[in-house]
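The structure appears below as structure tokens.
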Amino acid sequence: MEDDRAKALLRIIEKVPIFNDMGAENVKTVFQLCERRTVLPWDTLCKVREQSNDMAILHSGQLGVFNAENRQLSTIQPVALVGEVGLITGQPRTATVRAIQQSSMLVLGKPLLTG
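Going by my numbering, the first residue of the sequence shown is number 231, and it counts up by one from there.
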């Protein structure tokens, strides 16, 4: 069962455009570096103006993007990246992201990237 779940999550990573040209072995390496995380409704993934230390690949559920005034700007649906720009550029978060529904994701942290 766990092997089937791992294969399903690996297929999700392969659907994310940023990983398209990495090749199967590199995608598997990224998958192995990811932490699986589940968040409950209204759990906060990241806050506006905080340092960007990770990115996530949403594979189930729904997330909301909120501005500094707590107004919802958009929703994030599976299969989508969350936080990749700040992680790559080193810029602080430009929005707060919260779970709207129970959501599952794979999280890749900056320490793992810089090793």
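We put the beta carbon where it would ideally sit given N, CA and C, even for glycine. All values reported here derive from a predicted model rather than from experimental measurement.
- Beta-bridge partners assigned by DSSP to L336: R266, I287.
- By the neighbour-count criterion, in which 16 or more other beta carbons inside 10 Å mark a residue as buried, I248 falls on the exposed side.
- For G294, there is no enclosing alpha helix (DSSP H); the residue is part of the beta strand (DSSP E) that begins and ends at 293-296.
- Per DSSP, I306 is one residue of the beta strand (DSSP E) stretching across 302-306.
- Beta-bridge partners assigned by DSSP to R328: T274, G294.
- Residue nearest to C276 within the set L338, R328, S333 is R328 (criterion: CA-CA distance).
- Going by DSSP, V315 is part of the alpha helix (DSSP H) stretching over 314-319.
- When the beta-carbon positions are compared, L338 and M285 come within less than 8 Å of each other.
- Contact annotation: the region 301-314 touches the region 286-293, with at least three C-beta pairs closer than 8 Å.
- Remark: fewer than three beta-carbon pairs, one from each stretch, lie closer than 8 Å, so the region 256-269 and the region 316-327 are not flagged as touching.
- With fewer than 16 other Cβ atoms from the protein chains shown falling within 10 Å of its own Cβ, L270 counts as exposed.
- Straight-line spacing of the CA atoms in V257 and V312 works out to 17 Å.
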